[in-house]
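Chains as they are written, first to last, in the numbering used here: chain D, 140 to 497; chain R, 140 to 497. Note that CB positions come from ideal geometry on N, CA and C, so glycine has one too.
2 protein chains.
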Amino acid sequence: MDGALGKKYLKDYSAEVQPILAEFLSAEMEVSKDLGKIPLMLMDSYKDMISRGKGIRGTLVKLGYLVGGGKDVDEVVRTSIFVELFHSAILIHDDFMDRDPFRRGAPTVHEEFKKVGKDFGVRIPLDHYGNTAAVCLGDAGLYLSWKALLNSKLPQDRVIEASKLYADFIVRLALGQSLDMTITGMEDIGEQDILTVIWTKSGEYTSQLPLFVGATLAGGMGDEKLAALKDYAKCFGWAFQIQDDILGLYADEDELGKPVGSDIREGKNTLLMLNLRKHGRSADKKFMRKVLGNPNVSVEDVEKMRKILKESGAFQKVVDMGWEYVEEGKQYISRITKDKKLLEVLESLLVYMMERTK
Amino acid sequence: MDGALGKKYLKDYSAEVQPILAEFLSAEMEVSKDLGKIPLMLMDSYKDMISRGKGIRGTLVKLGYLVGGGKDVDEVVRTSIFVELFHSAILIHDDFMDRDPFRRGAPTVHEEFKKVGKDFGVRIPLDHYGNTAAVCLGDAGLYLSWKALLNSKLPQDRVIEASKLYADFIVRLALGQSLDMTITGMEDIGEQDILTVIWTKSGEYTSQLPLFVGATLAGGMGDEKLAALKDYAKCFGWAFQIQDDILGLYADEDELGKPVGSDIREGKNTLLMLNLRKHGRSADKKFMRKVLGNPNVSVEDVEKMRKILKESGAFQKVVDMGWEYVEEGKQYISRITKDKKLLEVLESLLVYMMERTK
């Protein structure tokens, strides 16, 4: 089975959830009107950013709920916007930390508000002003996410259980991010630190959190099913992250919506770099050390890096690893659900994580 | 009545809550151990910072619960740590935004982690690294706050109601903060913007949020009592903020725990400055424009600013305003509760907001 069904499922979820998100945020903007222009402009950027999300995490909340036997699909979809609200909010913080200029095809919030600050004649340094705007908007978004979750009409005890899971996962994500910033650009860090960083932001957060929250909202599941869901989530998270790293260097820039090669400029220790360090020739590694974390790296050097990764075999190793996770993940699905339709969606969506081009 | 009883009530609350906070955070550090050294060092700074808080907001949660007729005092105190966890987390973000070097007598997180980053040999610019560490730790703290609230053993429907209030207030606080950063250092902003900024961070957040959350956890109160509580909260918030502005410029630096005059260096439009703009001579206003927002302002200029504020009468106007709020606030108390002990605590604590020296 290919990823077509999974891709369509994602697209359908996004189409379903976008009007709910838009309505939720419009109501919030109405409430914030008395705070003046800048807060409203920030909320507008947030709304715009969310409308361009892929909806992977929200889709997994819905799927977790369905495999958990939940029946109120409309309400879980309404509830699932919490994770989309969260994801955009934390990306606003991440983009400031990574000093990324673009996201989803538009300037990032800290970049956009440098310009806004200039127009408004702010007196603090514009770079700093942009950063503070991003942190404020991210903070507001984190609490909007909580509001969406707590407003769920699903049973209160399940909402509280799901909320506790949500809190636990995000504490780890935020602390894992501090480790990420610490090792960014470092040459001689242990593989374990790299894997910890990748794991907290992909496996734990991107796949396990939404699937588990969904299952919890449905009323939970037996230990054996839950263990299978966790194994599936692990494979899903790795496949997602591996393709993310690959797309970050090999995608079509217009389709990706952010600069190809920014991982190199930012000195991110991706799986591609880890494999080059393990399997590359010493000249390749020397070149990697030269370009990794260099903010002024040229288009030619990014192109050379792409070539080296392919020629050294590091690229293929990472691709293979991704597909191995897909194959492993498939094996757990029959223990998660007996529902034919869901079986197919879980499998196809997993495959799509490696097939996707953005 | 003076503020002695209120001061003691605050102190007793702090003594009661500190071991609960310490235990909560120690358990969290145990969970985060696998993330490595940096996350643990961050959590350690957070724990340390919280241990030096005044506990005003947590005390108000407890008082809101008591005037709401709540009986499980031990559990509401355990629950109230959420607002202390929140307050320290958001201060970590605020300190980065205000570029404050000190807080509660110790270096701020973004300052401390510049040095830590250097010791660890991080590759991104150290200033930026310090800022990212502060944002990560703040984010983690926000979610630890949620965890503490959701773990409350008080009735679940009340916890959810209180949580929704909490989310709503903080969205406004975060967006209000973006307005604060926008008008920082500006000379010709409207009084309304200044009052909005002060109101969202003092009245709404510092007093109304914790009092209302406490009352909600107790099961709510009638409309008339709630209206009186809101009026009291308004006066409490203004008195708190007015004294905060005064202490920021006139306190003993060692006692305050942060540099006296930092509001001037940061260009904060405090009530003192607003009154000088309204009532000062043109030479005074000219001097104010010269120093406000100047990061290199001298000790002599800060001293001169203090003198100008006193001589122009702006200082006294703000002090008077604070005491007027105290007097107004006292009038609402008898409509909030009939309990003699609580009546006295509410009155004395309100007085203490203007009497406090740190």
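Ranges of the alpha helix (DSSP H) found wholly within the stretch 193–234 of chain D, counting only runs of at least 4
195–206
Determine the contact status of residue 310 (chain R) and residue 200 (chain R), defining contact as a CB-CB distance below 7 Å.
no
Which of helix, strand or coil DSSP assigns to residue 246 (chain R)
strand
When you check each C-beta in the stretch 290–302 of chain R against every C-beta of chain D, which residues fall closer than 8 Å?
290, 295, 296, 298, 299, 302
Kindly say whether residue 317 (chain R), judged by its beta-carbon, lies nearer than 7 Å to any beta-carbon of chain D.
yes
Through-space distance from residue 446 (chain R) to residue 421 (chain R), alpha-carbon basis
15 Å
For chain R, is any of its Cβ atoms less than 7 Å away from the one on residue 178 (chain D)?
yes
Taking CB distances under 7 Å as the criterion, tell me whether residue 232 (chain R) reaches chain D.
yes
Just the chain D side, please: which residues come within less than 9 Å of residue 272 (chain R) by C-beta, in chain order?
317, 320, 321
Tell me whether residue 209 (chain D) is buried or exposed, calling it buried when 16 or more other Cβ atoms sit within 10 Å of its Cβ.
buried
In the DSSP assignment, find the unbroken alpha helix (DSSP H) run with residue 476 (chain D) in it and report its ends.
First-last for residue 476 (chain D): undefined, no H or E at that position.
The stretch 330–347 of chain R in contact with the stretch 190–205 of chain D per 3-pair CB rule at 8 Å
no
According to the Cβ coordinates, are residue 268 (chain D) and residue 198 (chain D) closer than 7 Å?
no
Determine whether the beta carbon atoms of residue 171 (chain R) and residue 314 (chain D) lie at a separation below 7 Å.
yes
So, is residue 441 (chain R) buried or exposed, given that buried needs 16 or more other C-beta atoms within 10 angstroms?
buried
Going by other Cβ atoms of all chains shown within 10 Å of its Cβ, with 16 needed for buried, is residue 451 (chain D) buried or exposed?
buried
Can you give the Cα-Cα distance for residue 405 (chain R) and residue 375 (chain D), rounded to whole angstroms?
47 Å
With 16 other Cβ atoms within 10 Å as the buried cut-off, status of residue 207 (chain R):
buried
Cα separation between residue 286 (chain D) and residue 492 (chain D)?
30 Å
In whole angstroms, give me the CA-to-CA distance for residue 477 (chain D) and residue 173 (chain R).
36 Å
Spatial neighbours of residue 250 (chain R) within its chain, please: C-beta separation below 7 Å, excluding the five flanking residues on both sides.
240, 269
Spatially closest choice to residue 226 (chain R) from R:400, R:389, R:160, by CA coordinates:
R:160
Does chain R have any CB closer than 7 Å to the CB of residue 239 (chain D)?
no
Just the chain D side, please: which residues come within less than 9 Å of residue 403 (chain R) by C-beta, in chain order?
In chain order: nothing, as chain D lies at least about 13 Å away.
Would you say residue 338 (chain D) lies against chain C (beta-carbon separation less than 7 Å)?
Chain labels in this structure do not include chain C; the protein chains are D and R.
Since residue 307 (chain R) meets chain D, which of its residues come closer than 7 Å, beta carbon to beta carbon?
286
Between the stretch 345–371 of chain R and chain D, which residues of the former have a C-beta closer than 8 Å to a C-beta of the latter?
none
May I have a chain-ordered list of the alpha helix (DSSP H) segments no shorter than 4 residues that lie completely inside the stretch 150–196 of chain R?
176–190
C-alpha distance - residue 288 (chain R) paired with residue 150 (chain D), whole-angstrom precision:
36 Å
Unbroken alpha helix (DSSP H) run spanning residue 421 (chain D), endpoints
421–430
Leaving out the 5 sequence neighbours to the left and right, which residues in its chain are closer than 7 Å to residue 448 (chain D) when beta-carbon positions are compared?
411, 415, 454
Touching or not, the stretch 293–310 of chain D and the stretch 352–365 of chain D, by the rule of three or more beta carbon pairs under 8 Å?
yes
Would you grab the beta carbon distance between residue 400 (chain D) and residue 388 (chain D) for me? Rounded to a whole angstrom, and I think it's under 8 Å.
6 Å
Residue from D:318, D:177, D:427, D:456 with nearest C-alpha to residue 403 (chain D):
D:427
Return the chain-ordered ranges of every alpha helix (DSSP H) run that is complete within the stretch 372–404 of chain R and spans a minimum of 4 residues.
392–395
Counting along the chain, where does the alpha helix (DSSP H) carrying residue 416 (chain R) start and finish?
410–418
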